[in-house]
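If you're matching positions, the sequence shown starts at 0 in numbering that gives the first Met the number 0 and goes up one per residue.
Structure first, commentary second.
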Amino acid sequence: MPDSHDHMPQTKALTDTFGRQINYLRLSVTDRCDLRCRYCMAEDMVFLPKADVLTLEELYDLSKAFMDRGVRRIRLTGGEPLVRKGILSLIERLGDDVDRGLLDEVTLTTNGTQLPHMAADLYKAGVRRINVSLDTLKPDLFEEISRRNKLAQVLEGIRAAKAAGLEVKINTVALKGMNDGEIPDLMAWCLAEGLDLTLIETMPLGEIDDAREDRYLPLTALLPTLQDRWTLTPSGHRTGGPARYFSVKGHANRLGLITPLTGNFCDGCNRVRVTCTGRIYMCLGQDDHVDLRAALRSDDPEAELEAALGKAMLEKPKGHDFAMQNDRMVGTVGRHMSQTGG
Ligand code: SAM
Ligand code: SF4
Numbered sequence: 000m001p002d003s004h005d006h007m008p009q010t011k012a013l014t015d016t017f018g019r020q021i022n023y024l025r026l027s028v029t030d031r032c033d034l035r036c037r038y039c040m041a042e043d044m045v046f047l048p049k050a051d052v053l054t055l056e057e058l059y060d061l062s063k064a065f066m067d068r069g070v071r072r073i074r075l076t077g078g079e080p081l082v083r084k085g086i087l088s089l090i091e092r093l094g095d096d097v098d099r100g101l102l103d104e105v106t107l108t109t110n111g112t113q114l115p116h117m118a119a120d121l122y123k124a125g126v127r128r129i130n131v132s133l134d135t136l137k138p139d140l141f142e143e144i145s146r147r148n149k150l151a152q153v154l155e156g157i158r159a160a161k162a163a164g165l166e167v168k169i170n171t172v173a174l175k176g177m178n179d180g181e182i183p184d185l186m187a188w189c190l191a192e193g194l195d196l197t198l199i200e201t202m203p204l205g206e207i208d209d210a211r212e213d214r215y216l217p218l219t220a221l222l223p224t225l226q227d228r229w230t231l232t233p234s235g236h237r238t239g240g241p242a243r244y245f246s247v248k249g250h251a252n253r254l255g256l257i258t259p260l261t262g263n264f265c266d267g268c269n270r271v272r273v274t275c276t277g278r279i280y281m282c283l284g285q286d287d288h289v290d291l292r293a294a295l296r297s298d299d300p301e302a303e304l305e306a307a308l309g310k311a312m313l314e315k316p317k318g319h320d321f322a323m324q325n326d327r328m329v330g331t332v333g334r335h336m337s338q339t340g341g
């Protein structure tokens, strides 16, 4: 394998004004989804006109521009990335770049519904790890949370992913009055299935039908319940991402906690997010963004992209402002998580 940084023109590396180097891209490939999770979307979402959405070719060109500037990992997200028509062709191209040493990893975050028929092809395309979002193992509750009756499909998808050789991590949003009582059982299931579990606090992104505060569950309040059942030791494991990990005595798998509200995690931020319309958001929790689509579609994409990415680095904020103040969630941003990609 070639030295992973051989190809990287150092002058172009993406470094922000706080000295954080960007080596991780979350690329949303669609804002559409076959579920309607209550904390993520409203039931009646207005989706983007197709013409505004980057083509698969443009998504690849953009990925390549980031790779040329030192990005080593790309996570495809959405919306639901696996409902994007032709997505495998993009994943195959990125998988080839992994083979050629231009990228360390191509991965994705998925709701799992398409995995029964896509898991084997994902492995073939070069994906080795995926995150699957799963908030409950109870069919009725799954339908209540996601507004769709697809738990069996998701569980079949997780089985198919494991059978195909993919490493699966489960992401669970902790929701007061919904899955909070079930989280210890969900964790026991993950450990029995050999899956890492990451719990996430719900974040104030976009208008939804429910009041977010009603569902907000601080993970600091949940941790003691899990500690009653397992011996959890803070682990040095880091991915450069927001999760803090614990090892679980007697088990090979880890527990991760993402605590945007109870513990800010922005100091070591190594990532940017790009929407399926080519807007780069330098922080999940801020509205600052730069339009890369205009650069991509200009007469001189290379120069325009260089300028746009330079501007983005100057504007990357120190961190998000999500917080609870007097029982109200503050630091809210207007766009939905399904727009920016999780
Ligand atoms: N559809 C895919 C999925 O569900 O995994 C990928 C996109 S989804 C927006 C990515 C992740 O964001 C999921 O794990 C989801 O649970 C999480 N998410 C969505 N809205 C959220 C919110 N408001 N607060 C915290 N996590 C959220
Ligand atoms: Fe779709 Fe993922 Fe949002 Fe659920 S969390 S509605 S699966 S994009």
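We treat Cβ as the ideally placed atom computed from N, Cα and C, and that holds for glycine.
| Item | Value |
| --- | --- |
| Out of K161, G318, A311, which has the shortest C-alpha to C-alpha gap to L13? | A311 |
| With DSSP collapsed to three states, give me the class of G309. | helix |
| Thinking just about the alpha-carbon of each residue, which of R128, A151, N130, V131 is nearest to the one in D139? | A151 |
| How big is the Cα-Cα spacing for V52 and W229? | 45 Å |
| With distances taken between CB atoms, is the gap from K175 to L194 smaller than 8 Å? | no |
| Taking its Cβ as the centre, do 16 or more other Cβ atoms sit within 10 Å of F17, making it buried, or is it exposed? | exposed |
| Using DSSP with H/G/I as helix, E/B as strand and the rest coil, what is A242? | coil |
| By the 10 Å Cβ neighbour count, where 16 or more other Cβ atoms means buried, how is R83 classified, buried or exposed? | buried |
| What number of angstroms, rounded off, separates the C-alpha of L75 from the C-alpha of L26? | 5 Å |
| On the CB-based measure, 16 or more other CB atoms within 10 Å of its CB, does V45 come out buried or exposed? | exposed |
| Quick one, which of L87, R146, K137 has its alpha-carbon nearest E56's? | L87 |
| For T258, which three-state DSSP category applies? | coil |
| Is T201 helix, strand or coil by DSSP? | coil |
| In chain order, what are the residue ranges of uninterrupted beta strand (DSSP E) at least 3 long that sit wholly in the region 124-189? | 128-132, 166-173 |
| Strictly by DSSP, which residues pair up with S27? | T76 |
| At what residues does the beta strand (DSSP E) containing Y280 begin and finish? | 278-280 |
| Cα-Cα, which of V289, L114, Y59 is closest to D33? | L114 |
| Is V172 near the ligand SAM, going by C-beta to nearest heavy atom under 7 Å? | yes |
| Please confirm whether any heavy atom of the ligand SAM lies closer than 7 Å to the CB of T106. | no |
| DSSP puts T106 in a beta bridge; with which residues? | R74 |
| With a CB to CB cut of under 8 Å and the five nearest residues on each side skipped, what residues in its chain are close to L216? | A173, L174, K175, D179, E200, T201 |
| Is any heavy atom in the ligand SF4 found nearer than 7 Å to the beta carbon of G78? | yes |
| Is it the case that the CB of C32 approaches a heavy atom of the ligand SAM more closely than 7 Å? | yes |
| Using the rule of at least 16 other Cβ atoms within 10 Å of the residue's Cβ for burial, across every protein chain shown, is H236 buried or exposed? | exposed |
| Considering only heavy atoms of the ligand SAM, does any lie closer than 7 Å to the CB of I90? | no |
| Classify L291 as helix, strand or coil using the three-state DSSP reduction. | helix |
| Does at least one heavy atom of the ligand SF4 sit under 7 Å from the Cβ of C275? | no |
| Would you be able to state if there are at least three C-beta pairs under 8 Å between the region 130-137 and the region 86-103? | no |
| Here's a check: name, in chain order, each residue in its chain whose Cβ is nearer than 7 Å to the Cβ of T10, leaving out the five neighbours to either side. | With a pLDDT of only 48 at T10, under the threshold of 50, the placement of this residue in the model should not be trusted; the figure read from the coordinates follows. Around T10: no qualifying Cβ. |
| Relative to the C-alpha of R19, which candidate in C265, T232, D30, V126 has its C-alpha closest? | C265 |
| Report the three-state DSSP secondary structure of D67 (helix, strand or coil). | helix |
| For D15, which residues from the same chain have a beta carbon less than 6 Å from its beta carbon, with the 5 sequence-adjacent residues on both sides left out? | M312, K315 |
| Which whole-angstrom value is the C-beta distance of L283 and L198, which I expect to be below 8 Å? | Contact flag wrong, Cβ pair sits at about 17 Å. |
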